[in-house]
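Single-structure report; data block below.
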Amino acid sequence: MSQLHVMGLDIAYGSPLSKSNPPHYAVVIIDDRGRVVYETSDAPLKRVVRLVWEYKVKRIGLDNVFELAPSPRSVAKLLSLLPDDIEIYQVTLDEGSFVHIREQASKIGITLTSKPRPLQTAYVCALLALNRIGTPVRAVEHRTKIIVARARSVGAGGSSANRYARGMRSAILRAVRAIKKALDEASINYDLVFRKGRGGLDSAVFIVYAPRSALQSIVKPFHGSDVRIVIRPEYRSILLLDESPKTRKNFVFVGIDPGVETGLAVIDLSLRPLLIKSAKDLDRASILDLIYSVGIPVLIATDKNPPPDAVKKLASTLGVPLYVPPKSLSVAEKEQLIEWLRRRSKLDIKINTTHERDALAAAIKAYKLYERKFVEIEQRAKELGLDIDLDELKLLLIKGKSVGEVLEQAVENYINEVLYSYGESEQHIVKLCSSRAAVDDRVKALEKRLEELTRERDHLKEQVAELKKRVEELEFELRYKPQMPFDETVYRDRVVSELREKVRQLQGYIESIDAERSELRKVVARFEELLKSLARGDLVVVPRLNMLTLSELQRIDIDAEAVLLEREYIDINAVPVVKNHNIVILLTNCTEEFKNQLLSMGIPIYCGVEVVERLDTVALLTREKLRESIELARKQLQHFMESKKREHRRELSLEDLIKIVEEYRESIRKSQLVGQDHG
């Protein structure tokens, strides 16, 4: 029996949020008796992964799972690099609450009198994980990929190489058929993508909508002489196994119109549209992600009869009823349904494509099937005056229960809750989240400035009110008091005039503060949107350079794929660095002269890139635009170099032609001289 090895981790320095200063870890590996078999005070993440495989680590303990990566999704991706059977423990999380590592250490007889060093913390984490103290962390699998490919590459060769390639294609085809048969017999949902070749298949990928554990006895990894089979789980997030459940989302009806471009519409059980979208190449997993981002599906609807296979598979995957209309809906019926929803909800619902229209009409049609029961249950529940979840009652109606049965169950649940639920304590949800430090700090600073301006505005308003009151008092005295000597009247008029002018200035100042406050709110909202886009991965960070010089390059991440250049200036000493790291130069605009200069040096350049936002040393670009710009820059460089080669070849051919003409002329001259001699 192999010995159990447990690893403890703690950050020594760096941060998972930083590219320029990535985290390095203190690592301690112990055996099942707590004896240290390996330790280091400085290991990058790639070495940590290697050590896990090298020492066959079965359990990892650390005080914060987000020390590995900044978000649940990125932690899940990291876990896909580790063995399938490994256990991760966050040792400072106990029953949904954070507990100081000092308290956890005391449970195993270790007393920490001061803050431990990273290596000590790693050792304590390893011991706690060995004793299963803390909360296990599990990666959530949304699907598993089965990759069938060649066992080796086919080199250049003649007929024998072609025969060898055909043999591998045939072997891949046989393997794909066997896997497909096994999955079908096990009734497991999957999508199959393959690339055809002469005599068989070049490769194939099964996207299986089941966890890796469900495939253990069905498909196994394989590596032969002709074909290899790789099974790779795709993790989307992580789950702390004893964390409290998150606040439940709404139950929803989902209308779907499948095709090359898929339409998707989601409405809740109160007829509120939550999502209306259409997109190309949406696979089943992407559709599920979109649905679960806004609610919990309880019914799938289509506008077609018979229903498309893709819709039936989706309903089967979710395990919910499928609504099919008695006959396929006409265009007029769909328009009427959507117009009815607009009048009912009093919302300006925008439909951009026919696919969105068809999906939304299907969802509305399904809702109208239950509308009368929904209205009745709402009225009856209101009459009873019970504090109950109407969506839960509506869900029971969808499952086939009558209104009377649903009400009886609701009353019974309410009585049980009131009579027997005393003394129960609520679990607190532990929310662990990460943010982009630079943007977050900027948002906090702006919010602080907003608070200061608000306080200043309120203070000025009080001063204005006092001054207005004083002006009114003086005006009253001027109007109703007996006439005073001329000089005193003039003095009072002057005071009133000055006070009015001061009031006018203060009002102008308040207006300017309000304007600045409004602008700051817009800036805060803008940065919050940028922060959300960064977290979703819609935006990417690109280093900014004022000029292309060595000193500018030294202050950025030199491994960046592209940089944004603000000025058309290049230091010749910086060219080798840019070329060695294959960096693409991006500009919002540039001259043809500067562009050709960089291309002639072999540096890819793209002018006209769209920048979403400029910060101090970085710029934010959409992921799609950045990828498109990089590809165009490299294609332009390739075309430029090929053009230069063609010009060079033309010059050589012209020189050869001139040489031939000269030789021809020389031969004619010699023949004429010989003829004259004979004459």
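Counting from 340, one number per residue, gives the positions in the sequence shown under the working numbering.
Virtual Cβ for every residue (Gly too), placed ideally from N, Cα, C.
Which whole runs of the alpha helix (DSSP H) in the stretch 695-761 are 4 residues long or more, in chain order?
Unbroken alpha helix (DSSP H) stretches of 4 residues or longer found wholly inside the stretch 695-761: 729-737 and 742-759, given in chain order.
Could you spell out where the beta strand (DSSP E) holding L621 opens and where it closes?
From DSSP, L621 is part of no beta strand (DSSP E); its letter is neither H nor E.
Identify, in the order they occur along the chain, each residue of the same chain with its Cβ nearer than 8 Å to the Cβ of V829, setting aside the five sequence neighbours on each side.
none
Inter-residue spacing [alpha-carbon to alpha-carbon] between I924 and K416
Distance between the alpha carbons of I924 and K416: 30 Å.
Should E932 be labelled buried (16 or more other beta-carbon atoms within 10 Å of its own) or exposed?
By the 10 Å Cβ count, E932 comes out exposed.
Report buried or exposed for H694, applying the criterion of at least 16 other Cβ atoms within 10 angstroms of its Cβ.
Buried: at least 16 other Cβ atoms inside 10 Å.
Nearest to P647 by alpha carbon, out of L680, G594 and S453?
When each option's Cα is compared against that of P647, the closest is G594.
Indicate the three-state DSSP secondary structure (helix, strand or coil) for A382 in the structure shown.
A382: strand per DSSP, three-state reduction.
Would you check if the distance between the CB atom of E905 and the CB atom of N885 is smaller than 7 Å?
yes
Beta carbon of K484 nearer than 7 Å to that of V558:
no
Those runs of the alpha helix (DSSP H) which lie wholly inside the stretch 467-536 and span at least 4 residues:
498-524
Taking only three categories from DSSP, how would you classify A408?
coil
According to DSSP, which residues form a beta bridge with R953?
A958
Inspect the beta-carbon positions of D642 and A700 and report whether they are closer than 7 Å.
yes
What residues in its chain sit with their C-beta under 6 Å from that of S359, if we drop five residues either side in the sequence?
D896
So, is K397 buried or exposed, given that buried needs 16 or more other C-beta atoms within 10 angstroms?
Buried.
Taking the alpha helix (DSSP H) that A654 belongs to, which residues open and close that run?
First-last of the alpha helix (DSSP H) with A654: D648 to L657.
Would you mind working out which of E672, G400, L638 and P665 sits nearest G658, comparing C-alpha positions?
Shortest Cα-Cα distance from G658 to any of E672, G400, L638 and P665 involves L638.
Euclidean distance between Cα positions of H978 and L878
If you draw a straight line from the Cα of H978 to the Cα of L878, it comes to about 29 Å.
Tell me which same chain residues have a C-beta within less than 6 Å of the C-beta of R505, skipping the five on either side of it?
Closer than 6 Å at Cβ, skipping near neighbours: G538.
Cβ neighbours of G353 in the same chain (closer than 6 Å, five flanking residues each side left out):
N360, P361, P362 and H363
Counted within 10 angstroms of its Cβ, other Cβ atoms place H920 as buried (16 or more) or exposed:
Within a 10 Å sphere around the beta-carbon of H920 sit fewer than 16 other beta-carbons, which makes this residue exposed.
CB A461 to CB G347, shorter than 7 Å?
In this structure, G347 lies closer than 7 Å to A461 by Cβ.
Based on DSSP bridge pairs, tell me the residues matched to S453.
BP columns for S453 are empty, so no partner.
Give me whichever residues DSSP pairs with S542 in a beta bridge.
DSSP output for S542 lists R534 as bridge partner(s).
Enumerate in chain order the residues of its own chain whose CB-to-CB distance from D596 is below 6 Å, with the five nearest sequence positions on each side excluded.
G602, H694, D697 and A698
Helix, strand or coil, according to DSSP, for R775 in the structure here?
Residue placement at R775 is poorly supported in this model, since its pLDDT is 44, which falls under 50; the coordinates still yield a value, given next. Three-state DSSP puts R775 in coil, outside helix and strand.
Apart from the five residues on each side of it in sequence, which residues of its chain come closer than 6 Å, Cβ to Cβ, to L421?
V391
Smallest Cα separation from L343: which of D797, V367 and L469?
L469
Counting only the same chain and skipping the five closest in sequence on each side, list residues whose C-beta sits under 7 Å from that of F561.
R567 and I568
How would you label E891, buried or exposed, when you count the other beta carbons within 10 angstroms and need 16 or more for buried?
Buried, since its Cβ has 16 or more Cβ neighbours within 10 Å.
Can we say the stretch 601-615 touches the stretch 671-687, given the rule of at least three CB pairs closer than 8 Å?
Flag = yes, the stretch 601-615 and the stretch 671-687 touch.
Extent of the continuous beta strand (DSSP E) to which R398 belongs
R398 to L401
Closest Cα partner of R719 within the set I703, D730, I737 and V742
V742
Could you check whether G473 and L466 sit closer than 7 Å to each other, using their CB atoms as the reference points?
no
Tell me where the alpha helix (DSSP H) around L680 begins and ends.
V670 to S684
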